[in-house]
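Okay, so here's the structure we're looking at.
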Amino acid sequence: MIKNSNNKPDEIHENSSHHIYQNISDLPPLHISKQTQNRINHIKATNAISEFCYLRVKSIANGNIIDFNLVFDDKIGVQDRIYRTKSVLFLLDNETAYLLIGSELKLDKEQEFEFIHQEFELIDLNIDDDGNKIFN
Numbered sequence: 001m002i003k004n005s006n007n008k009p010d011e012i013h014e015n016s017s018h019h020i021y022q023n024i025s026d027l028p029p030l031h032i033s034k035q036t037q038n039r040i041n042h043i044k045a046t047n048a049i050s051e052f053c054y055l056r057v058k059s060i061a062n063g064n065i066i067d068f069n070l071v072f073d074d075k076i077g078v079q080d081r082i083y084r085t086k087s088v089l090f091l092l093d094n095e096t097a098y099l100l101i102g103s104e105l106k107l108d109k110e111q112e113f114e115f116i117h118q119e120f121e122l123i124d125l126n127i128d129d130d131g132n133k134i135f136n
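Numbering (the numbering used here), first residue to last: 1 to 136.
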């Protein structure tokens, strides 16, 4: 990963499976703590993970619960967006990005990854006969 003087990754490597992708956001919906960023980079280096792979946070529906998985991925789809933290580039698809708004990825006491989610007040949303949203 190439870093600029601000210690931010500033180049996305492309191989035959990547299309040109210039849409990088410095405002991710998910905050990743500095300690967690260091751990992610350590795991990537220790396991000799290709520089063409980015951290992907995947959301998986499991009944009434949504699980989040962390994987390294070299594929960028049309529903994906690349986000930049101080030292990590990561991928979120649109749905996962929406689900993680205001959340934090950090390390727990056992140095395992943990998601902390914001509590949001649920809005009762109904649709009228014309298809308009009605907030109660």
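Note that CB positions come from ideal geometry on N, CA and C, so glycine has one too.
Cβ shell of residue i (< 7 Å), same chain only, five flanking positions each side left out
{"i": "Leu70", "result": "Leu55, Val57 and Phe113"}
{"i": "Ser16", "result": "Confidence is the limiting factor: at Ser16 the pLDDT is only 39, short of 50, which leaves the residue's position unreliable, though a coordinate-based value still follows. Contacts found: none."}
{"i": "Ile151", "result": "With the chain running from 1 to 136 in the structure shown, residue 151 is simply not present."}
Check whether residue i and residue j have beta carbons under 8 Å apart
{"i": "Asp67", "j": "Cys53", "result": "no"}
{"i": "Asn105", "j": "Ile24", "result": "Reading off the sequence shown, one finds Leu at residue 105, where the question assumed Asn. No; because the gap between Cβ atoms is not below 8 Å, this pair is not in contact."}
{"i": "Asn41", "j": "Ser87", "result": "yes"}
{"i": "Thr85", "j": "Gln37", "result": "yes"}
{"i": "Phe162", "j": "Lys44", "result": "One cannot answer for residue 162 here, as it falls past the ends of the chain, which runs 1 to 136."}
Cut-off 6 Å between Cβ atoms - residues of its own chain near residue i, not counting five sequence neighbours on either side
{"i": "Leu100", "result": "Pro29 and Leu30"}
{"i": "Ser103", "result": "Leu30, Phe115 and His117"}
{"i": "Ile60", "result": "Asp67"}
{"i": "Asn64", "result": "none"}
Opposing strand residues paired with residue i [DSSP bridges]
{"i": "Ala61", "result": "Ile66"}
{"i": "Leu55", "result": "Phe72 and Phe90"}
{"i": "Leu99", "result": "Answer by DSSP bridge pairing: none, since Leu99 is not bridged."}
{"i": "Lys109", "result": "Answer is none; Lys109 lacks a bridge partner."}
{"i": "Leu30", "result": "Ser103"}
{"i": "Ser25", "result": "Tyr83"}
Own chain residues within Cβ distance below 8 Å of residue i, not counting five before or after
{"i": "Glu119", "result": "none"}
{"i": "Ser5", "result": "With a pLDDT of 37 at Ser5, under the threshold of 50, the predicted position of this residue should be treated as unreliable, though the coordinate-derived value follows. No residues qualify anywhere along the chain."}
{"i": "Asp108", "result": "Glu114"}
{"i": "Thr96", "result": "Val57, Lys58, Ser59 and Phe68"}
{"i": "Leu92", "result": "Pro28, Pro29, Leu30, Arg56, Val57, Asp80, Arg81, Tyr83 and Leu100"}
{"i": "Tyr98", "result": "Pro29"}
Self-check item: Stretch-stretch touch, CB-based, cutoff 8 Å, three pairs: the region 23-31 with the region 79-89
Solution: yes
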